[in-house]
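Numbering (the numbering used here), first residue to last: 209 to 446.
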């Protein structure tokens with residue numbers, strides 16, 4: 209995740225708009241979840257956009273925000289500390305999910321734009337870890353971000369205005385293996401029609417389809433269904 213050292217300063221302005229529809233679907237998938245059994249785990253919480261979404265969708269929930277990247281955690285802490293409600297409900301864990309000392313029971317988990325950072329061995333451990341702790345009636349909500357490894361020509365992410373500065377992002381990808389691709393992110397800052405900054409970074413990510421997620425999760429005792437770009441998992445024994 210080394211690329212987040214570059215991405216962090218641009219993440220909120222550009223992701224907020226680009227990810228808005230997925231965020232609405234995640235909020236809908238969380239609706240009605242019983243949060244009395246334990247916390248909701250935000251896997252790869254980043255700057256806290258999804259953490260805030262979970263808190264709004266489930267106003268009684270305790271949230272564990274798991275974020276291993278030191279470039280993203282300052283924004284996460286600032287968001288949590290600056291909101292008195294989040295400050296009482298959100299615990300920030302500076303670990304990868306497989307190293308996080310999770311409680312024995314969790315009410316659910318959300319993986320938004322984070323599963324791509326885990327290869328097959330790590331995902332196998334992840335499904336078992338979450339299945340062992342998921343309370344009856346709990347849900348695991350997974351965003352399918354890269355269903356297959358493929359070449360993607362440079363595509364605009366959009367423009368966002370902050371004060372007099374316009375932030376502009378674009379993304380491209382190169383297939384580097386049967387289930388891996390390398391993302392190339394370009395960020396520009398434009399002031400009065402003059403480009404004052406241009407930052408580029410790359411990420412190597414794992415591709416996995418919704419069907420593959422269901423197959424892997426089934427082996428850990430979970431079942432689920434696909435809802436647009438989300439996979440929603442629960443205990444098979446429910």
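Even glycine gets a Cβ: it sits at the ideal position worked out from N, Cα and C.
Checklist entry - What are the partner residues of residue 405, as DSSP defines its beta bridges? => result DSSP links residue 405 through a beta bridge to 397.
Item to check | Alpha-carbon spacing of residue 355 relative to residue 270, whole angstroms | outcome: Those two C-alpha atoms are separated by around 31 angstroms.
Item to check | Residues near residue 370 by beta carbon distance below 7 angstroms, same chain, minus five either side | outcome: Excluding sequence positions up to five before and after residue 370, its CB lies within less than 7 angstroms of the CB of 221, all in the same chain and listed in chain order.
Next on the checklist: If contacts are defined as beta-carbon pairs under 8 angstroms, then residue 247 and residue 315 qualify, I think. What distance do you get, rounded to the angstrom?
Outcome noted: That belief holds up - the Cβ atoms of residue 247 and residue 315 are roughly 7 angstroms apart, short of 8 angstroms.
Checklist entry - Whole-angstrom Cβ separation of residue 394 and residue 378, contact assumed at under 8 angstroms? => result With a Cβ gap of about 5 angstroms, residue 394 and residue 378 count as contacting.
Next on the checklist: Rounded to the nearest angstrom, what separates residue 409 and residue 292 at their Cα positions?
Outcome noted: Rounded to the nearest angstrom, the two C-alpha atoms are 34 angstroms apart.
Checklist entry - Which value, in whole angstroms, describes the spacing of the CA atoms of residue 335 and residue 239? => result Taking the straight line joining both Cα atoms gives about 22 angstroms.
Checklist entry - Do you know offhand how far residue 320's Cα is from residue 401's? => result Those two C-alpha atoms are separated by around 34 angstroms.
Checklist entry - In terms of residue numbering, what span does the alpha helix (DSSP H) encompassing residue 293 cover? => result Unbroken alpha helix (DSSP H) run through residue 293: 292 to 297.
Checklist entry - Roughly how many angstroms lie between the CA atoms of residue 283 and residue 322, to the nearest whole one? => result Take the alpha-carbon of residue 283 and the one of residue 322: they are about 17 angstroms apart.
Next on the checklist: Once DSSP output is grouped into helix, strand and coil, what is the label at residue 378?
Outcome noted: Residue 378 falls in the strand class under three-state DSSP.
Next on the checklist: Check for me: the beta strand (DSSP E) holding residue 316 runs from which residue to which?
Outcome noted: Counting along the chain, the beta strand (DSSP E) containing residue 316 begins and ends at 314 to 319.
Item to check | Start-to-end residues for the beta strand (DSSP E) that takes in residue 428 | outcome: Neither: residue 428 is in no beta strand (DSSP E) and is coded neither H nor E.
Next on the checklist: Let's test the definition: count the other Cβ atoms within 10 Å of the Cβ of residue 414 and tell me whether it reaches 16, buried, or not, exposed.
Outcome noted: Within a 10 Å sphere around the beta-carbon of residue 414 sit 16 or more other beta-carbons, which makes this residue buried.
Checklist entry - What three-state label does DSSP hand residue 437 in the structure shown? => result The answer is coil: DSSP assigns residue 437 none of H, G, I, E or B.
Next on the checklist: Can you look up residue 325 in the DSSP assignment and give me helix, strand or coil?
Outcome noted: The three-state reading of DSSP puts residue 325 in helix, counting H, G and I together.
Next on the checklist: Taking the alpha carbon of residue 339 as the reference point, which residue from 312, 438, 272 has its own alpha carbon closest?
Outcome noted: Among 312, 438, 272, the Cα nearest to that of residue 339 is on 312.
Next on the checklist: I'd like to know whether the C-beta atoms of residue 309 and residue 276 end up nearer to each other than 8 angstroms.
Outcome noted: Cβ atoms of residue 309 and residue 276: not closer than 8 angstroms.
Checklist entry - Does DSSP put residue 390 in a helix, a strand or coil? => result Three-state DSSP puts residue 390 in a strand.
Checklist entry - Cα separation between residue 209 and residue 430? => result Only weak support exists for where residue 209 lies, its pLDDT of 40 falling under 50; the value from the coordinates is given anyway. Rounded to the nearest whole angstrom, the C-alpha separation of residue 209 and residue 430 is 28 angstroms.
Next on the checklist: Can you tell me which residues form a DSSP beta bridge with residue 410?
Outcome noted: In the DSSP assignment, the residues bridged to residue 410 are 392.
Checklist entry - Is residue 289 buried or exposed, if buried means 16 or more other CB atoms sit within 10 Å of its CB? => result By the neighbour-count rule (16 or more Cβ atoms within 10 Å), residue 289 is not buried but exposed.
Checklist entry - Considering only C-alpha positions, which residue in the set 258, 235, 244 is nearest to residue 265? => result That would be 235, whose Cα lies nearest to the Cα of residue 265.
Next on the checklist: Going by DSSP, what residue range makes up the alpha helix (DSSP H) through residue 214?
Outcome noted: For residue 214, the enclosing alpha helix (DSSP H) stretches over residues 212 to 226.
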